């Protein structure tokens with residue numbers, strides 16, 4: 001296939017060049033009918049491309065023209081049999097992925113450190129999750145991926161498993177042995193679903209962890225906007241034909257997708273695919289080299305430590321995505337969130353996320369030498385400032401709790417509930433979610449039993465100022481729990 005072509009992007013430009021009279025939505029009509037300040041800021045080219053599914057531009061819900069051609073090129077680029085564009089982020093693609101593999105009552109193996117979108121899919125489908133606990137890193141206080149052994153044991157124990165879901169790589173850039181997981185799951189006749197939100201770049205450089213499609217996975221939700229250069233919210237769903245039916249996936253994607261699809265976002269996916277194929281390896285080689293260089297510099301700053309192969313627990317099982325820079329700051333006696341605030345206020349630096357112990361920075365190869373120098377300068381300034389104290393207060397790592405599922409998330413979400421204080425909820429079955437976003441991994445999810453450990457962990461995140469959310473009560477003082485069915 002000719003990856004120099006951009007069939008959808010080109011069709012849109014040709015349509016705009018025709019300068020047709022518009023008696024259709026959107027109502028702003030190329031910006032003439034909208035706020036003038038916003039129009040002047042965003043620019044006329046973007047507004048002229050903000051179109052709808054009129055005949056010359058194809059329809060994402062039933063593609064037969066330039067969208068179909070663009071998706072076929074994307075499938076070639078990502079080594080899939082079929083690729084579907086999403087204008088509602090990877091979250092929507094993940095819901096569609098799970099809906100395509102399981103139905104109400106089906107059992108699905110799921111890592112406990114799931115993204116909130118997986119929980120949404122479990123509530124919608126009514127599938128019964130069998131949660132597997134990932135490897136917990138006691139140094140950095142984060143969860144990694146699932147081990148091959150845990151999946152094999154679960155498939156042996158539960159003969160009625162209908163799907164295996166894997167997060168690969170994780171938000172922090174740790175990848176599991178996906179190829180072996182696929183081989184074992186397929187031996188049991190079970191499809192492998194991959195939350196690949198943070199793995200777009202793995203398709204375009206051999207030094208990065210193995211991509212989902214290269215590992216033989218059946219379906220993968222891949223977030224192009226995170227690391228691949230498309231507009232925010234533009235994502236794809238890659239499918240390998242066989243266990244998963246691409247025609248059924250198309251139907252489900254249409255069910256979940258707005259009929260007012262953004263052609264700006266669709267065109268950005270088309271253009272990003274072209275750039276990734278033609279220049280992706282060069283770009284990510286630069287990202288890897290830059291990240292490795294700055295990782296070495298930061299490791300030389302007393303009190304800071306970066307996650308890499310040398311310090312990764314069980315490095316024989318897991319791989320590291322070198323473009324992700326996880327920096328532990330706990331030895332300075334401060335929280336990751338404190339460092340995020342200081343970098344923002346003093347150095348005008350925004351990081352990807354922070355938690356109790358770390359900050360996370362991502363590299364795509366588009367960073368400048370000045371960007372990197374400023375990050376190192378900021379971290380060194382912070383580290384030296386805290387090292388002046390005679391005694392740095394010790395921060396002990398507390399790992400996220402591993403709750404017990406009492407009833408399915410769907411049952412809990414729709415159950416009759418009552419409102420209780422979080423501090424008094426021990427032993428109750430929670431009916432809503434408590435999570436820190438980002439990364440969006442639940443501390444508690446509907447159907448799990450509330451433990452004192454989970455309450456303590458939640459309150460520690462709240463005290464640290466981290467963005468805890470998910471409950472009806474924005475202050476997280478009260479939670480909804482399932483009423484006794486006796």
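Residue numbers (UniProt numbering): 1 to 486.
Beta carbons are placed, not taken as given, at the ideal position from N, Cα and C, and that holds for glycine.
What you are looking at is a predicted structure, and each value in this text was computed from that prediction instead of being measured.
Tell me the DSSP bridge mates of residue i?
i	result
residue 448	405
residue 435	442 and 469
residue 222	196 and 236
residue 306	327
residue 319	175
residue 110	131
residue 358	328
residue 118	Residue 118 pairs with nothing; no bridge assigned.
residue 164	109 and 192
residue 142	137
Distance, Cα to Cα, residue i vs residue j?
i	j	result
residue 155	residue 161	7 Å
residue 4	residue 197	25 Å
residue 397	residue 353	18 Å
residue 173	residue 291	12 Å
residue 369	residue 193	38 Å
residue 102	residue 457	32 Å
residue 213	residue 75	10 Å
residue 234	residue 387	43 Å
residue 484	residue 427	12 Å
residue 375	residue 266	33 Å
residue 69	residue 13	16 Å
residue 462	residue 54	48 Å
residue 284	residue 205	7 Å
residue 390	residue 351	Because residue 390 sits at a pLDDT of 41, beneath the cut-off of 50, its placement in the model cannot be relied upon, and the following sentence gives the value as read from the coordinates. Between residue 390 and residue 351, the C-alpha separation is close to 29 Å.
residue 170	residue 33	43 Å
Can you tell me whether residue i is buried or exposed? The criterion is at least 16 other CB atoms within 10 Å of its CB, across all chains shown.
i	result
residue 129	buried
residue 140	buried
residue 348	exposed
residue 119	buried
residue 25	exposed
residue 330	buried
residue 85	buried
residue 344	exposed
residue 295	buried
residue 187	exposed
residue 64	exposed
residue 18	exposed
residue 310	exposed
residue 49	buried
residue 448	buried
residue 302	exposed
What residue does the alpha helix (DSSP H) around residue i start on, and which one ends it?
i	result
residue 290	263-299
residue 351	Segment: none, residue 351 is in no alpha helix (DSSP H) and carries neither H nor E.
residue 91	89-99
residue 150	148-157
Residue i lies in the beta strand (DSSP E); which residues open and close that run?
i	result
residue 481	478-482
residue 326	324-328
residue 417	417-421
residue 381	Here residue 381 belongs to no beta strand (DSSP E); instead the alpha helix (DSSP H) covers 369-387.
residue 429	No beta strand (DSSP E) holds residue 429; DSSP gives it neither H nor E.
residue 83	82-86
Decide yes or no for the touch test of the stretch 85-96 against the stretch 220-239: beta carbon pairs closer than 8 Å, at least 3 of them. Output reads yes: the stretch 220-239 touches the stretch 85-96.
Between the stretch 329-343 and the stretch 227-246, do three or more beta carbon pairs fall short of 8 Å? Cβ pair count under 8 Å is below three, so no.
Any contact of the stretch 240-260 with the stretch 38-50, i.e. 3+ C-beta pairs under 8 Å? By the Cβ rule, the stretch 240-260 does not count as touching the stretch 38-50, because fewer than three pairs are nearer than 8 Å.
Taking one C-beta from the stretch 435-443 and one from the stretch 405-420 each time, how about it: are there three or more such pairs within less than 8 Å? The stretch 435-443, when compared against the stretch 405-420, does not touch it at the 8 Å Cβ threshold.
Check whether the stretch 465-484 and the stretch 418-435 touch, using three or more Cβ-Cβ pairs below 8 Å as the test. Yes, the stretch 465-484 touches the stretch 418-435.
Between the stretch 52-72 and the stretch 249-259, do at least 3 Cβ pairs fall closer than 8 Å? A contact exists between the stretch 52-72 and the stretch 249-259.
Cβ contact check for the stretch 411-422 and the stretch 360-377: 3 or more pairs under 8 Å: By the criterion of at least three beta-carbon pairs nearer than 8 Å, the stretch 411-422 is not in contact with the stretch 360-377.
The stretch 267-281 / the stretch 121-135 touching (three or more Cβ pairs under 8 Å): Taking one beta carbon from each stretch, the stretch 267-281 and the stretch 121-135 have fewer than 3 pairs nearer than 8 Å; the two do not touch.
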